[in-house]
Amino acid sequence: MSDMAITMEQLERRMKQIMIEVDERAANSIDKARDRAVFAKMLQGNGISSGEEEDDDEEEEEKKAEEGEEPAPKDCSDNISNKKLPAAPRARALRMDLASCYIPDHDEDGHFVHPKSGFAGVADGVGGYREYGVDAAAFARALMTHARAGANPPVKRGRITAQVTPYNLLQRAYMKAARARTQRGSTAVIVSLHGSSKTLRWACIGDSGFAVLRAGKMVHRSKAQQSCFNCPFQLCTFGGNRLADADVGEAPVAEGDVVVLGTDGLFDNVFDVELQRGVEKGRELGLSPQKMADKIAAAARKMAGNRRAPSPFSVESARSVQDGRKRHYGGKFDDITVVVGYIVSKES
Numbered sequence: 001m002s003d004m005a006i007t008m009e010q011l012e013r014r015m016k017q018i019m020i021e022v023d024e025r026a027a028n029s030i031d032k033a034r035d036r037a038v039f040a041k042m043l044q045g046n047g048i049s050s051g052e053e054e055d056d057d058e059e060e061e062e063k064k065a066e067e068g069e070e071p072a073p074k075d076c077s078d079n080i081s082n083k084k085l086p087a088a089p090r091a092r093a094l095r096m097d098l099a100s101c102y103i104p105d106h107d108e109d110g111h112f113v114h115p116k117s118g119f120a121g122v123a124d125g126v127g128g129y130r131e132y133g134v135d136a137a138a139f140a141r142a143l144m145t146h147a148r149a150g151a152n153p154p155v156k157r158g159r160i161t162a163q164v165t166p167y168n169l170l171q172r173a174y175m176k177a178a179r180a181r182t183q184r185g186s187t188a189v190i191v192s193l194h195g196s197s198k199t200l201r202w203a204c205i206g207d208s209g210f211a212v213l214r215a216g217k218m219v220h221r222s223k224a225q226q227s228c229f230n231c232p233f234q235l236c237t238f239g240g241n242r243l244a245d246a247d248v249g250e251a252p253v254a255e256g257d258v259v260v261l262g263t264d265g266l267f268d269n270v271f272d273v274e275l276q277r278g279v280e281k282g283r284e285l286g287l288s289p290q291k292m293a294d295k296i297a298a299a300a301r302k303m304a305g306n307r308r309a310p311s312p313f314s315v316e317s318a319r320s321v322q323d324g325r326k327r328h329y330g331g332k333f334d335d336i337t338v339v340v341g342y343i344v345s346k347e348s
């Protein structure tokens, strides 16, 4: 099991502590009962872990990665509603306070956070290879290990030689994993905050994704890439999809925004509106990034064990019935990885 995983007993203790904190912070609110109801619904779950967080790149490999053509960033307006959304106000240089929570099922997810550079990523090893005796976690964790190691920009003779982007970071990580013949494939998403320009950048492949929330509204949500229902795009040692298939983009962000990354264990079990409400209430009550990540992951775990309530996965399953597939009801048990980033002023 990943050393980032912790026990169900530890989860229960964390959830109880968060509920105590919710009660204390909502004590003077006329909406105390409502606040507690929101969190009671979100905070019941099983099993949790948290974690935060090598790299002598060979010059030839770095050169190839840096010369690789990066797809033009997409405008995030493709993924948001037509409703009027809060504008990103002008702010000082920004940074991300990052925390993560990992609840294993088959234990095949990987992730990293690198607060100093403003990078974070999640990856989900393709579980279908498990039945063939392949370690489905290997490629996902190799990608994230190499990505974290390469998150700091290369410095030569005291100068930064090139700006690291999520796309070229994913590209370098993929090249290293493939060159080492790491077994099979993985989905992945990497995001970075460019603090001086107040810009969030990303590269996504498959159904691991992220969302940006501002003042109670979801201002951006990545789109899952699938060849068909429950068959996500994936990077593989042999075959699979190409890096050029990745969704690459950028969007302005502001102090106070919240970025949530997750594998499909999150987004298959929690509707966007539920994520939006939970984040909004957590911010109102002053929860830390770690407690927010714990809360979101616990909510996903709770839904995974519900066999009757609709979930994002069951809704998509119903749409695929016409393709001859068996319909799925309720939530979906899976590894659940959540990374939360609070965007704050560098001076705070």
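Be aware that the sequence shown starts at 1, since it is given in UniProt numbering, and climbs by one per residue. The C-beta atom is built at its ideal place from N, Cα and C for all residues, glycine as well.
Proximity below 7 Å, CB of residue 114 to CB of residue 148: yes
Endpoints, the alpha helix (DSSP H) within which residue 264 is located: 264–267
Run of the alpha helix (DSSP H) containing residue 272, from where it starts to where it stops: 272–284
Contacts around residue 176, its chain only, beta-carbon distance under 7 Å, and the 5 residues preceding and following it disregarded: 146
Secondary structure of residue 173, DSSP reduced to three states: helix
Beta-carbon contacts of residue 282 that lie in its chain and below 7 Å, excluding the five residues immediately before and after: Excluding residues up to 5 positions away in sequence, 292 and 295 lie with their Cβ nearer than 7 Å to the Cβ of residue 282 in the same chain.
Buried/exposed call for residue 106, threshold 16 Cβ in 10 Å: exposed
Secondary structure of residue 226, DSSP reduced to three states: In this structure, DSSP gives residue 226 an extended state, which the three-state scheme calls strand.
Among 348, 231 and 260, the one whose alpha carbon lies nearest that of residue 217: 260
Per-residue burial, residue 334 [other beta carbons within 10 Å of its own, 16 or more giving buried]: buried
C-beta contact flag for residue 346 and residue 93 at 7 Å: yes
Contact set for residue 134: own chain, Cβ-Cβ below 8 Å, skip 5 residues either direction: Closer than 8 Å at the Cβ level, and outside the excluded window around residue 134, lie 183 and 184.
Cα-Cα separation, residue 329 to residue 300: Within the model, the alpha-carbon separation for residue 329 versus residue 300 is close to 15 Å.
Which listed residue (274, 96, 298 and 139) has its alpha carbon closest to that of residue 181: Considering only alpha carbons, the answer is 139.
Three-state class that DSSP yields for residue 132 in the structure shown: helix
Under 7 Å between C-beta atoms of residue 235 and residue 205: yes
Reference residue 253; option with closest CA among 110, 336, 198 and 100: 198
Proximity winner among 225, 12 and 95, relative to residue 342 (alpha-carbon distances): The shortest C-alpha separation from residue 342 is found at 95.
Proximal residues to residue 237 (C-beta, below 8 Å), its chain only, five neighbours per side dropped: 139, 177, 178, 181, 182, 183, 184 and 185
Sheet register partners of residue 100 (DSSP bridge): 339
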